[in-house]
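*Asks:* Just dropping this structure here.
Numbering (the working numbering), first residue to last: 16 to 450.
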């Protein structure tokens, strides 16, 4: 990840304040990057996502379809005991002696005598032309590509969930840092006022007001902490694992370079297109079911009756011509064509939606960068006003409420800057193909 600073002449006040706040516990902090959590989420996803199983199944279907083009061999062994089919030796009219199978009639003495018949052969069938098998292979390959694209779409969805949860966690983490800093400042203010009240420099009512501001700041900090814990829990749910108690987001992600915008992979649209192509190939497969099939057939082995054994072999061509299947192939082809038309329409909608998302991301990034320049100036002015109000109060020229109002305005400006930073980062990540 390329990280640069886009704010000329200014450090990120939010990050500096947060670092100062957590300095005592810095050694135990564990910064967790978005890339690390994305990789972990994909590893966990692979264990329960059925899309991976469908990809494996689709690959096996391709192998099964290709097997239809290969020769097939099978062994046949049979044996029976039955009357008749005796082996007789006869002489032909040209003087040759041959063995023939003959069965006695019912009236003859040996008509019911059992004979052992047996046969052992190896049969072979090798297709020469089978248009349906070729179409079935193309359909299986198309479905495999669709399954792979669906896996990519599932991966895209997981990354989007992790990114959204991570940015929400980052925003709440920074908000809590701002609230905690504000609470610490309110406490320090209350302690200074308590000392001055004790010395008689200030009325006791100001101590009550300072205590009120301190409690209010602590309540805001406690609420921000609760939101941070909840956001972290949602992130753990998206990743599929628990993070350590010391885990913190990588706040440098908010400084991500926006000059290089990648290309959105658009896995959802591609998955629909692959499914459409697979449906078209399936329709073609059903149409090819009416095409003749030409194959080479062969057989070799032995056959016999009792102790007489004879050789067996044959080799030839087989032509199978489909005549009528009740209209099933045509109906299935029309069904697959209709499914392909539906998927084609959904793919076009997905492309339009992807383009709309990209245009929206471009607008979001532009607006965020424009607002970021303004809010940086607003924070700088607010910080200056807090200093002025504090100095005026210390000199007795203003009341404590003026200081509290100036600090509230500063917190609001800092919070708005965090929100704009997160919105900008989200837009940049969407443009870099993480949507």
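Glycine included, each C-beta is placed from N, C-alpha and C at the ideal position.
Judging by CA-CA distance, which residue of 182, 404, 307 and 237 is the nearest neighbour of residue 192?
*Replies:* Measuring from the Cα of residue 192, the nearest candidate turns out to be 237.
*Asks:* Taking the Cβ atom as the reference point for each residue, do residue 308 and residue 141 lie within a distance shorter than 8 Å?
*Replies:* Going by C-beta atoms, residue 308 is not nearer than 8 Å to residue 141.
*Asks:* Would you mind stating whether residue 119 and residue 96 have Cβ atoms separated by less than 8 Å?
*Replies:* Cβ atoms of residue 119 and residue 96: not closer than 8 Å.
*Asks:* For the candidate residues 248, 369, 204 and 136, whose alpha-carbon lies nearest to that of residue 91?
*Replies:* Checked all of 248, 369, 204 and 136; the closest Cα to residue 91 is 136.
*Asks:* Does the Cβ of residue 89 have 16 or more other Cβ atoms within 10 Å, making it buried, or fewer, making it exposed?
*Replies:* Residue 89 should be labelled exposed.
*Asks:* Within the chosen definition, does the segment 143–150 reach the segment 107–119 through at least 3 CB pairs nearer than 8 Å?
*Replies:* Taking 8 Å as the limit for Cβ pairs, the verdict is that the segment 107–119 does not touch the segment 143–150.
*Asks:* Taking one C-beta from the segment 436–446 and one from the segment 406–413 each time, how about it: are there three or more such pairs within less than 8 Å?
*Replies:* Counting Cβ pairs under 8 Å, fewer than three are found: no touch.
*Asks:* What residues are listed by DSSP as bridge partners for residue 262?
*Replies:* Residue 262 pairs with 45.
*Asks:* Mark residue 40 as exposed unless 16 or more other C-beta atoms lie within 10 angstroms of its C-beta, in which case mark it buried.
*Replies:* With a pLDDT of 42 at residue 40, under the threshold of 50, the modelled position of that residue is not reliable, and no figure is offered here.
*Asks:* What is the rounded straight-line gap between the Cα of residue 230 and the Cα of residue 420?
*Replies:* Spanning the two alpha carbons is a distance of roughly 15 Å.
*Asks:* In three-state DSSP terms, what is residue 238?
*Replies:* DSSP places residue 238 in helix when its eight states are reduced to three.
*Asks:* Thinking C-alpha only, which one of 292, 374, 435 and 337 is nearest residue 150?
*Replies:* Of 292, 374, 435 and 337, the residue nearest in Cα terms is 292.
*Asks:* Output the boundary residues of the alpha helix (DSSP H) element that contains residue 146.
*Replies:* Start and end: 146–214.
*Asks:* With C-beta atoms as the reference, is residue 53 less than 8 Å away from residue 263?
*Replies:* No; because the gap between Cβ atoms is not below 8 Å, this pair is not in contact.
*Asks:* Out of 295, 314 and 426, which one is the CA nearest neighbour of residue 350?
*Replies:* Checking every option, the nearest Cα to that of residue 350 belongs to 295.
*Asks:* Can we say the segment 257–272 touches the segment 319–328, given the rule of at least three CB pairs closer than 8 Å?
*Replies:* Verdict: no, contact absent.
*Asks:* Check whether the Cβ atoms of residue 205 and residue 178 lie closer than 8 Å to each other.
*Replies:* Cβ atoms of residue 205 and residue 178: not closer than 8 Å.
*Asks:* Which runs of the beta strand (DSSP E) spanning at least 3 residues fall entirely within the segment 84–148, listed in chain order?
*Replies:* As far as the segment 84–148 is concerned, its whole beta strand (DSSP E) runs of at least 3 residues are 87–98, 101–106, 112–117 and 129–144.
*Asks:* On the three-state DSSP scale, how would you describe residue 310?
*Replies:* Three-state DSSP puts residue 310 in a strand.
*Asks:* If you reduce the DSSP assignment to three classes, tell me which class residue 444 lands in.
*Replies:* Three-state result, residue 444: helix.
*Asks:* Identify, in the order they occur along the chain, each residue of the same chain with its Cβ nearer than 6 Å to the Cβ of residue 211, setting aside the five sequence neighbours on each side.
*Replies:* Contacts found: 217.
*Asks:* Out of 87, 131 and 290, which one is the CA nearest neighbour of residue 160?
*Replies:* Nearest of 87, 131 and 290 to residue 160, Cα basis: 290.
*Asks:* Could you have a look at residue 332 and say whether DSSP puts it in helix, strand or coil?
*Replies:* Strand.
*Asks:* On the DSSP letters alone, give me the boundaries of the alpha helix (DSSP H) that residue 380 sits inside.
*Replies:* Run containing residue 380: 343–409, per the alpha helix (DSSP H) assignment.
*Asks:* Please report the distance separating the alpha-carbon of residue 257 from that of residue 271.
*Replies:* Going from the Cα of residue 257 to the Cα of residue 271 covers about 26 Å.
*Asks:* From 108, 221 and 182, pick the residue whose C-alpha is nearest to that of residue 243; which is it?
*Replies:* Among 108, 221 and 182, the Cα nearest to that of residue 243 is on 182.
*Asks:* Hey, quick one: how far does the alpha helix (DSSP H) through residue 283 stretch, first residue to last?
*Replies:* Per DSSP, residue 283 belongs to the alpha helix (DSSP H) from 282–302.
*Asks:* Which of the three DSSP states is assigned to residue 419 in this structure?
*Replies:* In the structure shown, residue 419 sits in a helix (DSSP, three-state: H, G or I).
*Asks:* Would the beta-carbon of residue 250 fall within 8 Å of that of residue 169?
*Replies:* No, Cβ-Cβ distance for residue 250 and residue 169 is not below 8 Å.
*Asks:* For residue 323, which beta-bridge partners are listed by DSSP?
*Replies:* DSSP output for residue 323 lists 320 as bridge partner(s).
*Asks:* Using the beta-carbon count (16 or more within 10 Å), is residue 223 buried or exposed?
*Replies:* Per the 10 Å Cβ criterion, exposed.
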